[in-house]
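To start, the structure under review is shown below, and the notes come after it.
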Amino acid sequence: MSTFDDRERAEEAKYAHDSALQFKIMNRRNKLLGLWAADLMNLSGNEAEAYAKSVVMSDLEEPGDEDVFRKVRGDFDAKGVDRSDARIREHMAELLAVAREQIMKEVKD
126 MSTFDDRERA EEAKYAHDSA LQFKIMNRRN KLLGLWAADL MNLSGNEAEA YAKSVVMSDL
186 EEPGDEDVFR KVRGDFDAKG VDRSDARIRE HMAELLAVAR EQIMKEVKD
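Final position of the sequence shown in the numbering used here is 234; the numbers increase by one with none missing.
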């Protein structure tokens with residue numbers, strides 16, 4: 126029974142680690158997205174950082190990416206930034222790869 130218990134604990138630990146890693150990756154992606162969007166809205170410095178943080182926080186509203194997308198889409202519309210829905214989603218996907226690379230590098234260091 127001990128071997129089974131050990132295996133179960135190892136699987137639970139791996140799941141917890143993977144979940145935490147995915148959470149970090151998504152937060153990083155959202156921060157990068159917020160900084161990109163802030164730049165397009167002519168925000169800089171503390172304003173850009175605060176905006177990026179608001180994008181990260183918007184992801185806590187519901188599971189998935191739609192809450193983040195709606196935030197950025199709405200803010201672009203309010204500020205008159207001309208970006209298509211497809212381009213925003215495409216950039217979100219591009220930044221997910223960047224965020225994953227950054228976090229994995231940090232974990233290894």
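Cβ atoms here follow ideal geometry from the backbone N, Cα and C, with glycine treated the same way.
CB contact flag (residue i, residue j, <8 angstroms)
| i | j | result |
| --- | --- | --- |
| V193 | D200 | no |
| A224 | R134 | no |
| K139 | I228 | no |
CA-to-CA distance, residue j to residue i, given in whole angstroms
| i | j | result |
| --- | --- | --- |
| A222 | A203 | 28 angstroms |
| L165 | R208 | 10 angstroms |
| K156 | A141 | 23 angstroms |
| A218 | S127 | 43 angstroms |
| E231 | N152 | 14 angstroms |
| N171 | V181 | 15 angstroms |
| A175 | R132 | 43 angstroms |
| H216 | E136 | 34 angstroms |
For residue i, the nearest candidate out of the options (CA to CA)
| i | options | result |
| --- | --- | --- |
| A162 | L146, S144, R195 | R195 |
| G159 | V206, R212, N167, V197 | V197 |
| D190 | A175, S169, L220 | L220 |
| P188 | E226, A173, Q147, A175 | Q147 |
With a floor of 4 residues, list each alpha helix (DSSP H) that falls wholly inside the region 155–188, ordered by position along the chain. 170–183
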